[in-house]
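Heads up, the thing below is written out as C-alpha cells.
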DNA sequence: GAGCACTGC
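In C-alpha cells:
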C-alpha cells in the first residue's frame with residue numbers, strides 16, 4: 069500500500085466530537101454498529117476518521133451504498149474535503165464505472181459491486197475496513213453482505229474491521245447478530261418536525277391531501293410542501309386537482325403556487341425541475357412517490373403531507389407470482405417522511421391517519437427486501453461461494469427468509485441446471501453466477517452460446533434486464549398506436565423477439581436517441597440496455613466456448629424463425645413454462661405448482677388464423693394485478709419442453725436441500741464448531757442449528 | 001384488453 073499524505077481538515081459535524089469514542093470501539097472490536105441520524109455526517113466522516121487514525125496503512129477502506137448516485141456524490145464530497153481529485157486517494161466503483169486506482173485508500177461502492185468483488189476474492193483482502201452504510205434500508209444486497217461479514221470476521225479476525233451504520237436501525241438487533249458488538253449513537257442535526265394526526269383514516273386520501281395542501285397554502289408561512297402519494301396515477305390526479313383548486317382561490321388571497329409531480333418514470337428533464345430553486349414569492353407543491361423518501365432530496369421543504377401508504381412489490385413463493393400492492397407504511401418510513409420537513413428549518417408533518425394507527429397498526433420497520441423477493445439469484449450467488457456449511461437454508465441471515473421461499477429458489481435453480489439433484493452447484497451454475505443477470509437470463513445466454521445464437525441472446529438479456537417500457541402518452545393514444553405499429557412486432561413469436569428486433573432497429577439507426585423518441589421509447593432504458601449488453605459481452609468473452617460473434621447486427625438472417633434463440637430461451641426459462649388450455653387461450657403454468665394464468669394484454673403475441681395462441685410459451689414473470697398475468701412471453705415448441713418435464717419428475721426437495729450425503733454438511737459443521745469453541749456464542753448457535761437440521765431431516769424423511 | 005413503487009450487479 070502506498071503511504072498516506074492526505075491533508076486533514078475535518079468540518080465540524082456531530083460525529084467529530086465522537087471521534088475518540090469511535091476509534092476506541094473500532095480498535096477493541098471486530099464489528100461496531102454506528103447509529104447516526106440524518107445530518108450526523110457518518111457517510112462522509114467515518115471513512116476519513118479511520119483514515120486519519122491509520123487504518124488505510126494496511127488496506128483500503130470500503131464504504132457501501134445502496135444507490136449509485138449516493139456512492140458517486142458522497143465520494144466526490146470526501147475527495148473535495150480532502151483536497152484530492154476523484155479516482156486518486158478517494159474513488160468510487162459502480163456498475164459500468166470504476167473510478168479507483170492503485171492510489172485509492174477510500175473507496176465508495178454500491179453494495180452490489182462489493183458482492184461481485186467478493187465472488188472473485190472471497191476474503192476481500194484488499195480492504196482493512198468495510199463500512200456497510202445505510203444498513204437500515206435493508207436492501208437485498210446489504211442483507212447478504214451482513215451474513216457474509218459475520219463469516220469474514222471469523223476468518224480475518226486479526227486484520228479486518230467492519231462497521232454497520234444506519235439512521236434508525238434497531239441497533240440492539242444487529243448487535244445481537246454480531247455477538248453483542250458495541251453500538252454507538254451519534255446525534256444528527258435535523259430540525260424538529262411537529263406532527264399532526266388526523267382523527268380518522270380518510271375514505272379518500274387524495275381529497276384529504278388536497279384539503280390539507282390548500283389549508284397550508286392559505287394559512288401557513290412560506291415554504292414548500294412535499295406530498296407523498298402511492299403511484300403515478302394518483303400523482304397525476306392530485307397535480308391537476310391541486311392546480312384547479314389553487315386557481316379557484318380568491319385573487320391575492322395567497323402567494324403564487326407551482327405544482328410539480330415527481331416519480332421514477334418521469335423523464336430526467338422533468339425530474340430536474342424539482343431541483344431548480346423556487347421562483348420568488350412562490351410556494352412549490354411537490355407531489356411525489358417514495359423516491360422523495362430516500363433517493364431524492366428536495367430542498368426547501370417545510371411541510372410534509374403523508375398519506376400513510378406505499379406501493380410495494382412482493383413475491384409469493386407458493387405461487388411464484390409477484391404482486392404490486394398498496395400497503396401501510398412502517399413507523400420508520402413514516403418518521404423518514406416526516407424528517408423531510410426538517411432539513412433546513414423546523415417543519416410540520418401532516419399525517420392523514422390517527423396516532424393510534426401509527427402506534428398499533430404500523431409495523432416497526434418495513435419488511436426487508438429479502439423477505440419480499442424471489443431468491444433464486446441470491447441462492448445461486450451463495451452456492452457459488454462454496455461456503456463450508458452446505459445447507460443454504462441455514463445461512464445466517466439477520467432476518468431469514470421463509471423456508472418456502474428458499475426451497476422455491478432451490479427448485480427453480482434445479483430446473484435450469486444451476487444445481488444438480490443433490491443441491492450442488494453445477495459447472496453451468498458457476499458460469500451463471502458470473503453474469504450480473506436473473507438466473508433465467510444467464511442460463512439463456514449459456515445455452516445460446518452452445519446453440520450459436522449468443523449475439524441475439526445478449527441483446528434479449530440486456531433489454532429485459534433494463535426493463536424498457538414503451539412510454540405511455542395517454543393523451544395521444546391514437547398517435548401512440550400509429551408509432552407502435554411502425555415498430556417490429558416479434559414476427560409472431562412474442563415479446564422477447566420483439567425486444568430483440570427493436571434493439572436491432574435502434575442499432576441500425578446508429579443508436580440515435582432521437583430514434584427512441586420518434587418511436588415513443590424511453591431513451592434512458594435503451595441506453596441502459598446498450599451498456600448492459602456491452603458489459604455482458606465482456607464477461608462472456610472470458611467464459612464463452614470458442615469464437616463468439618457479439619455484434620448486435622449479426623445473426624439475423626441465418627435463423628429466420630429465431631428457432632435457436634427461442635430454444636435457448638426455453639432452456640433458460642425452464643422454470644417459467646406454461647401450456648395453453650385445450651379449448652381457449654388461457655394457460656396453466658407447468659412446474660411443481662400449477663397456476664391458471666393469461667398472457668398480459670400488453671403482449672405482442674397474437675393468435676393464429678383460428679385465433680389460437682401457441683401451445684407452449686415461456687414467460688419472464690408472473691404478475692397478479694386484476695388477474696394473474698404472464699408478462700413478456702415467447703412461443704416455444706413441444707419438443708423442447710420434454711426435458712423440462714423429465715426434470716420435474718425427478719425433482720425432490722429433500723435431496724435438493726440435503727444432497728446425496730445428508731450427514732456430510734453436519735460433520736463439516738461440527739468440525740467448524742470445534743475450531744471456534746473459543747467463541748461460546750458461535751458454538752451454541754452452531755449446535756442449535758445442527759440440532760434443528762437433524763430435526764428437519766427427521767421430520768422430512770418420515 | 002390492462003395499467004408499474006423503488007433500487008441494483
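Residue numbers (this note's numbering): 69 to 770.
Positions of the beta carbon are idealized from the N, C-alpha and C atoms, including for glycine.
Everything numeric in this text was worked out from a predicted model, so none of it was measured.
Thinking residue 60 and residue 408 are a contact (beta carbons under 8 Å), I'd like their distance in whole angstroms, please.
Given a span of 69 to 770 for the chain in the structure shown, any question on residue 60 remains unanswerable.
Measuring straight from C-alpha to C-alpha, what distance separates residue 70 and residue 248?
Mapped onto the first chain, residue 70 falls at position 2. Mapped onto the first chain, residue 248 falls at position 180. Caution applies to residue 70, whose pLDDT of 41 falls short of 50 and renders its modelled position unreliable; the model cannot decide the point.
Would you call residue 591 buried or exposed, if buried means 16 or more other Cβ atoms sit within 10 Å of its Cβ?
Your numbering for residue 591 matches position 523 in the first chain. So residue 591 counts as buried.
Mind checking whether residue 465 and residue 201 have CB atoms under 8 Å apart?
If you number the first chain from 1, residue 465 lands on position 397. If you number the first chain from 1, residue 201 lands on position 133. In this structure, residue 201 does not lie closer than 8 Å to residue 465 by Cβ.
Opposite residue 419 in the DSSP bridges: which residues?
On the first chain, position 351 is the one that residue 419 refers to. For residue 419, which the question treats as bridged, DSSP gives the partners 265, 374.
Taking the Cβ atom as the reference point for each residue, do residue 295 and residue 102 lie within a distance shorter than 8 Å?
Along the first chain, read from residue 1 onward, the residue named residue 295 stands at position 227. Along the first chain, read from residue 1 onward, the residue named residue 102 stands at position 34. No.
Among 134, 323, 128, 174, which has the Cα closest to the Cα of residue 112?
Here residue 112 refers to the residue found at position 44 when the first chain is read from its first residue. The shortest C-alpha separation from residue 112 is found at 174.
Ordered along the chain, which non-local residues of its own chain (more than five positions away) have a Cβ less than 8 Å from that of residue 654?
Residue mapping note: residue 654 aligns to position 586 of the first chain, counting from 1. 648, 664, 665, 666.
Starting from residue 217, follow the alpha helix (DSSP H) in both directions and report where the run begins and ends.
Position 149 of the first chain holds residue 217. Note, residue 217: alpha helix (DSSP H), 208–223.
Which of helix, strand or coil DSSP assigns to residue 227:
Walking along the first chain from the start, residue 227 turns up at place 159. It is coil, neither helix nor strand.
Residues of its chain near residue 265, where Cβ-Cβ distance is below 6 Å and the 5 sequence neighbours each way are ignored
As a first step, residue 265 is located in the first chain; it is residue number 197 there, counting from the start. Same-chain partners within the cutoff: 419, 422, 423.
Under the three-state reduction of DSSP, which class applies to residue 745: helix, strand or coil?
The residue you call residue 745 lines up with position 677 of the first chain. A caution first: residue 745 carries a pLDDT of 48, below 50, which makes its placement in the model unreliable, though a value can still be read off. Here residue 745 sits in coil by DSSP.
Tell me the DSSP secondary structure of residue 181 in three-state form.
The residue labelled residue 181 in the question sits at position 113 within the first chain. DSSP places residue 181 in helix when its eight states are reduced to three.
Residue 373 and residue 277: beta carbons closer than 8 Å?
Within the first chain, the letter at position 305 stands for residue 373. Within the first chain, the letter at position 209 stands for residue 277. In contact: residue 373 and residue 277 (Cβ atoms closer than 8 Å).
Residue environment, residue 543, which counts as buried when at least 16 other CB atoms sit within 10 Å
Counting from 1 along the first chain, the entry for residue 543 is found at position 475. Residue placement at residue 543 cannot be trusted, given a pLDDT of 43 that sits under 50; the coordinates are not used to answer.
DSSP three-state call for residue 284: helix, strand or coil?
Translated into the one-based positions of the first chain, residue 284 becomes position 216. Of the three classes helix, strand and coil, the one that applies to residue 284 here is helix, per DSSP.
Separation of residue 239 from residue 89, as counted between CA atoms
Stepping through the first chain from its first residue, residue 89 is reached at position 21. Stepping through the first chain from its first residue, residue 239 is reached at position 171. Approximately 17 Å between the Cα atoms of the pair.
Classify residue 86 as buried or exposed, calling it buried when 16 or more other Cβ atoms lie within 10 Å of its own Cβ.
Residue mapping note: residue 86 aligns to position 18 of the first chain, counting from 1. Buried, since its Cβ has 16 or more Cβ neighbours within 10 Å.
Local Cβ density within 10 Å of residue 74, reported as buried at 16 or more and exposed below that:
As a first step, residue 74 is located in the first chain; it is residue number 6 there, counting from the start. Low confidence applies to residue 74: its pLDDT is 47, below 50, so where it sits in the model is not reliable, and the reading given next is rough at best. By the neighbour-count rule (16 or more Cβ atoms within 10 Å), residue 74 is buried.
What's the gap between the Cα of residue 577 and the Cα of residue 516?
Stepping through the first chain from its first residue, residue 577 is reached at position 509. Stepping through the first chain from its first residue, residue 516 is reached at position 448. Distance between the alpha carbons of residue 577 and residue 516 is about 26 Å.
When DSSP builds the beta bridges, which residues end up paired with residue 253?
The residue given as residue 253 occupies position 185 in the first chain. Looking at the DSSP assignment, residue 253 forms a beta bridge with 103.
Residue 687 and residue 699 - do their beta-carbons sit closer together than 8 Å?
Position 631 of the first chain, counted from the start, is the residue given in the question as residue 699. Position 619 of the first chain, counted from the start, is the residue given in the question as residue 687. Against a cut-off of 8 Å, the Cβ pair of residue 687 and residue 699 comes out as a contact.
With 16 other CB atoms within 10 Å as the buried threshold, where does residue 643 fall?
Here residue 643 is taken as the residue at index 575 of the first chain, counted from 1. Buried, by the Cβ-count rule.
Going by beta carbon distance, what residues of the same chain come within less than 6 Å of residue 756, once the five residues before and after it are set aside?
To locate residue 756, count along the first chain from 1; it is residue 688. Contacts found: none.
Can you check DSSP and say which residues form a bridge with residue 594?
Counting from 1 along the first chain, the entry for residue 594 is found at position 526. The partner list for residue 594 (beta bridge, DSSP) is empty, contrary to what the question assumes.
What is the DSSP secondary structure of residue 81, reduced to helix, strand or coil?
Residue mapping note: residue 81 aligns to position 13 of the first chain, counting from 1. Here residue 81 sits in coil by DSSP.
Contact defined as beta carbons within less than 8 Å: I believe residue 378 pairs with residue 298. What is the distance between those atoms, to the nearest angstrom?
Translated into positions along the first chain, residue 378 becomes position 310. Translated into positions along the first chain, residue 298 becomes position 230. Indeed, because the Cβ distance is near 6 Å, the residues count as touching under 8 Å.
Can you check whether the CB of residue 438 is closer than 8 Å to the CB of residue 208?
The residue you call residue 208 lines up with position 140 of the first chain. The residue you call residue 438 lines up with position 370 of the first chain. The answer is yes: Cβ separation under 8 Å.
Report buried or exposed for residue 234, applying the criterion of at least 16 other Cβ atoms within 10 angstroms of its Cβ.
Position 166 of the first chain, counted from the first residue, corresponds to residue 234. It counts as buried.
So which of 157, 172, 139 has the shortest CA-CA distance to residue 181?
One-based indexing of the first chain puts residue 181 at position 113. Ranking 157, 172, 139 by Cα distance to residue 181 puts 139 first.
Use the C-beta contact count for residue 462: other C-beta atoms within 10 angstroms, 16 or more gives buried, fewer gives exposed.
As a working note, residue 462 is residue 394 in the first chain. Residue 462 should be labelled buried.
Local Cβ density within 10 Å of residue 495, reported as buried at 16 or more and exposed below that:
In the first chain, residue 495 corresponds to position 427, counting from 1. That one is exposed.
Identify, in the order they occur along the chain, each residue of the same chain with its Cβ nearer than 8 Å to the Cβ of residue 449, setting aside the five sequence neighbours on each side.
For the purposes of this step, residue 449 is identified with residue 381 of the first chain, where counting begins at 1. Around residue 449: 183, 187, 212, 501.
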